[in-house]
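Participant: Residue numbers (mature numbering (1 follows the signal peptide of the UniProt record, and there is no 0)): -24 to -1, 1 to 676. For each residue, glycine too, the CB sits at the ideal point set by N, CA and C.
(1) Is it the case that the Cβ atoms of residue 604 and residue 640 are separated by a distance below 8 Å?
(2) What are the residues that DSSP puts in a beta bridge with residue 225?
(3) From the DSSP output, in three-state form, read off residue 391 for me.
(4) What are the complete beta strand (DSSP E) segments, minimum 3 residues, inside the region 179 to 264?
(5) At which residues does the beta strand (DSSP E) containing residue 554 begin and terminate?
(6) On the CB-based measure, 16 or more other CB atoms within 10 Å of its CB, does residue 185 come out buried or exposed?
(7) Expressed to the nearest angstrom, what Euclidean distance is found between the alpha-carbon atoms of residue 441 and residue 114?
(8) Take residue 562 as the anchor and find which of 515, 607 and 579 has the nearest alpha-carbon.
(9) Whole angstroms are fine: how far does the CA of residue 602 sit from the CA of residue 659?
(10) Cutting at 6 Å between CB atoms, please list the residues of its own chain near residue 403, excluding the five before and the five after it.
(11) If you follow the beta strand (DSSP E) that residue 650 is part of, which residue opens it and which one closes it?
(12) On the criterion of 16 or more Cβ atoms from any shown chain inside 10 Å, does residue 580 qualify as buried, or is it exposed?
(13) What does DSSP give as the partner residues of residue 356 in its beta bridges?
(14) Is the beta carbon of residue 288 less than 8 Å from the beta carbon of residue 591?
(15) Find the nearest neighbour of residue 521 within the set 533, 507, 512 and 538, judged by alpha-carbon distance.
(16) Starting from residue 136 and walking both ways along the beta strand (DSSP E), at which residues does that stretch end?
(17) In chain order, which continuous runs of the beta strand (DSSP E) of length 3 or greater are located wholly inside the region 312 to 357?
(18) Mind checking which residues open and close the alpha helix (DSSP H) that includes residue 698?
(19) Output yes or no for whether 8 Å exceeds the beta carbon distance between residue 387 and residue 407.
(20) Please work out which residues of its chain come closer than 6 Å, Cβ to Cβ, to residue 333, disregarding the five sequence neighbours upstream and downstream, and give them in chain order.
(21) Over what stretch of residues does the beta strand (DSSP E) that includes residue 65 continue unbroken?
(22) Residue 298 lies in the beta strand (DSSP E); which residues open and close that run?
(23) Just to confirm, are residue 459 and residue 405 a CB contact at a threshold of 8 Å?
(24) Going by CA-CA distance only, name the one from 600, 607, 567 and 527 that's closest to residue 577.
(25) For residue 403, does the three-state DSSP call read helix, strand or coil?
(26) Identify which residue in 265, 398 and 163 has its Cα closest to the Cα of residue 352.
(27) Just list the residues that DSSP pairs residue 267 with in beta bridges.
(28) In this structure, does DSSP put residue 537 in helix, strand or coil?
(29) Cα-Cα, which of 106, 127 and 231 is closest to residue 470?
(30) With three or more C-beta pairs closer than 8 Å as the rule, is the region 241 to 251 touching the region 355 to 365?
(31) Hey, quick one: how far does the beta strand (DSSP E) through residue 625 stretch, first residue to last?
(32) What's the C-alpha gap between residue 428 and residue 370?
(33) For residue 197, I'd like the list of residues in its chain whose CB is within less than 7 Å of its CB, leaving aside the five on either flank, ordered along the chain.
(34) Judging by CA-CA distance, which residue of 256, 107 and 274 is the nearest neighbour of residue 268?
(35) From the DSSP output, read off the bridge partner residues of residue 416.
(36) Does the Cβ-Cβ distance between residue 342 and residue 636 come in under 8 Å?
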């Protein structure tokens, strides 16, 4: 029988083997992000991590881990298992360095037991420190299972000083020393949306000046009380230490759902993500960080949307949750008096439909790859919270290195379109902070080339629909844009009230105010494109069907109301491309992940065509004969053109963020995706029917 190694706790003091390592400051001036520094006398090196100020971080130019490095910033133990998996497991199995940061202790009511089936009976044991430790043990077991196949694989537990002035526990998986769990252990709200001043939300909004910690039993960290600036500095310092090229958080701006029009996500989810946003702005301005991307995920609101996965994929996700949930309380494999997991979860390891899905709340556009009028290729993404532009000159064998344009605070996910004169226009949203964290807002922005193939002008603000900023929610989709047959450029987005909005570029160069076009319970990001006759079509998913809007003719106003297509619900991600005088729309089938497509020549779809790829998820890039998307394993895959029976070919070594994009230009079709290492990867067909080339990086 295979032996189970217990967890190994080792609090390294300043007299330890590696005393004297540094955790240098993030140097940002102005506003609440004043310059700060901290002593290195308490520092300890963590295997696989880089303390700011060490030679690894001080070398000229950004530090880029060879395969990329992932960091997850989450509120509670199990948020990653329910809402970020299978992405979490894919990163762990890929061999990339990975660090998960848990902002709260997740102590809840301190009871490590399933809810009672009936009232009465003995009162359960309340011990918040032990319950927090049990949840930590469950996460360690789940991560060990995903990374090694052995839930009992050993960890080394240490304490490090935080850039905010406290200490945090860092656990390192002995079998894979580039895998870390970081426990900040602030008190959780203890309520999904109740007014709890002593919480992350209360700290963010100024209801309290400080938030205390809840240290788990057995933790080498020490109690501390954090101000909101210290929370931001702590997260930014961890980013400086572990140098992620890709950061995952939950959604900082979830929308209001259902008939009650309420935010259904947990307040700790929202405000841990907002604190992470603030920290990312510091990280983006720090010295010698690698280029990084960001992905945000739906939380509780996943429950209200159609399922993403087929049963085998959902079962595999729930199997990891079962390890965390310590389904058999008599199996003390972790050798801890606190218990080996979270028994509250044991009665529902699938959650409230959470194991059946994963959803991204940003980076869902598939129009970010464009061709220039001269046959050049352009790709757009967000790195370091700035617009990244890759360019491949006509006939060139390789792409140039990405250029990061001025203007920070960009949210992940941009869309692009080509204007009639050959210039390219790019659209996105950006989040801005004022002098205080509560001065928080999001707006739509646009940048247009000054000439075909030339530089881009400055970002111009289009503001936001009035209802999208109500109550500080700022929920809105990634914008999508299209040009009709008269040359009019229109941009569309889903507002916070779940309706469609549009703005047009007028002849004098000004943008019109936002106009509403109806729609009910829109979910995800709408997609817009023009057909061969120059008519703009817009499509959006709802939990029940697909909505569409279509110009009756080029130059005509967009309809004021949506048309229900009667299509069945899908997993909410839509892609569209022109096909003759119509538009072909691609989506994933519910409870399957198979890619299907329908052709719209007006507002009525054709019968669907199934293209396979069971249990894949996320959006697909489509152009010419080429389709590209994500398989169930997270791999980047293409559907080979010309095959009688569609065959998906994947490259399992490339994990990527957001959605891939594709564009047809002449006889060639090109597809691209942005990897977790911040690089652009691309493939191209050899003519209209030729096979796609192997995926390769666009530039070093």
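Facilitator: From the atom records:
(1) Your numbering for residue 604 matches position 628 in the chain shown. Your numbering for residue 640 matches position 664 in the chain shown. Cβ atoms of residue 604 and residue 640: not closer than 8 Å.
(2) Locating residue 225 in the chain shown gives position 249, where the first residue counts as 1. Looking at the DSSP assignment, residue 225 forms a beta bridge with 49 and 272.
(3) Here residue 391 refers to the residue found at position 415 of the chain shown. Three-state DSSP puts residue 391 in a strand.
(4) Those beta strand (DSSP E) runs which fall completely within the region 179 to 264 and span 3+ residues are 222 to 226.
(5) Start at 1 with the first residue of the chain shown, and residue 554 comes out as number 578. Where residue 554 is concerned, the enclosing beta strand (DSSP E) stretches over 551 to 555.
(6) Locating residue 185 in the chain shown gives position 209, counting from the first residue. Exposed, because fewer than 16 other Cβ atoms sit within 10 Å of the Cβ of residue 185.
(7) Sequence index remark: in the chain shown, residue 441 carries index 465 (1-based). Sequence index remark: in the chain shown, residue 114 carries index 138 (1-based). Distance between the alpha carbons of residue 441 and residue 114: 43 Å.
(8) Position 586 of the chain shown, counting from 1, holds the residue named residue 562. The alpha carbon of residue 562 has as its nearest neighbour, out of 515, 607 and 579, the alpha carbon of 515.
(9) The sequence position of residue 659 within the chain shown is 683, counting from 1. The sequence position of residue 602 within the chain shown is 626, counting from 1. When rounded, the distance between both Cα atoms is 10 Å.
(10) As a working mapping, residue 403 is identified with position 427 in the chain shown. Contacts found: 391, 422, 455, 457 and 467.
(11) Within the chain shown, the letter at position 674 stands for residue 650. Residue 650 -> beta strand (DSSP E) spans 644 to 651.
(12) The residue you call residue 580 lines up with position 604 of the chain shown. Its Cβ having fewer than 16 others within 10 Å, residue 580 is exposed.
(13) For the purposes of this step, residue 356 is taken as the residue at position 380 of the chain shown. In DSSP, residue 356 forms a bridge with 365.
(14) By one-based count along the chain shown, residue 288 stands at place 312. By one-based count along the chain shown, residue 591 stands at place 615. Their beta carbons are under 8 Å apart, which means residue 288 touches residue 591 by this criterion.
(15) By 1-based counting over the chain shown, the position of residue 521 is 545. For residue 521, the nearest C-alpha among the options comes from 538.
(16) Start at 1 with the first residue of the chain shown, and residue 136 comes out as number 160. Segment 131 to 137, the beta strand (DSSP E) holding residue 136.
(17) 345 to 347
(18) Only positions -24 to 676 of the chain appear in this structure, which leaves residue 698 out of reach.
(19) Working through the chain shown from its first residue, we reach residue 387 at position 411. Working through the chain shown from its first residue, we reach residue 407 at position 431. A contact, by the Cβ cut-off of 8 Å.
(20) Counting from one through the chain shown, the residue named residue 333 turns up at place 357. Here the set comprises 278, 283 and 284.
(21) Taking the chain shown and counting its residues from 1, one reaches residue 65 at position 89. Residue 65 -> not in any beta strand (DSSP E); alpha helix (DSSP H) instead, spanning 63 to 70.
(22) In the chain shown, the residue the question calls residue 298 occupies position 322. That residue, residue 298, is in no beta strand (DSSP E); its alpha helix (DSSP H) goes 287 to 301.
(23) In the chain shown, counting from the first residue as 1, residue 459 sits at position 483. In the chain shown, counting from the first residue as 1, residue 405 sits at position 429. No, the pair does not count as a contact, with Cβ atoms beyond the cut-off.
(24) Against the chain shown, residue 577 aligns to sequence position 601. Taking only the C-alpha atoms, the option nearest residue 577 is 527.
(25) Translated into the one-based positions of the chain shown, residue 403 becomes position 427. Strand.
(26) Taking the first residue of the chain shown as position 1, residue 352 is located at position 376. Nearest C-alpha to residue 352: 398.
(27) The residue you call residue 267 lines up with position 291 of the chain shown. Partner(s): none; residue 267 has no beta bridge.
(28) Against the chain shown, residue 537 aligns to sequence position 561. Collapsing the DSSP output to three states places residue 537 in coil.
(29) Translated into the one-based positions of the chain shown, residue 470 becomes position 494. The shortest C-alpha to C-alpha distance from residue 470 to any of 106, 127 and 231 is the one to 231.
(30) no
(31) Position 649 of the chain shown holds residue 625. Per DSSP, residue 625 belongs to the beta strand (DSSP E) from 624 to 627.
(32) Taking the chain shown and counting its residues from 1, one reaches residue 428 at position 452. Taking the chain shown and counting its residues from 1, one reaches residue 370 at position 394. Taking the straight line joining both Cα atoms gives about 13 Å.
(33) Residue 197 sits at position 221 when you count from the first residue of the chain shown. Within the same chain, residue 197 has close Cβ partners 135, 143, 144, 145, 159, 161 and 191.
(34) By 1-based counting over the chain shown, the position of residue 268 is 292. Considering only alpha carbons, the answer is 256.
(35) On the chain shown, residue 416 is found 440 positions in, with the first residue counted as 1. Answer is 409.
(36) As a first step, residue 342 is located in the chain shown; it is residue number 366 there, counting from the start. As a first step, residue 636 is located in the chain shown; it is residue number 660 there, counting from the start. Yes, they are a contact pair.
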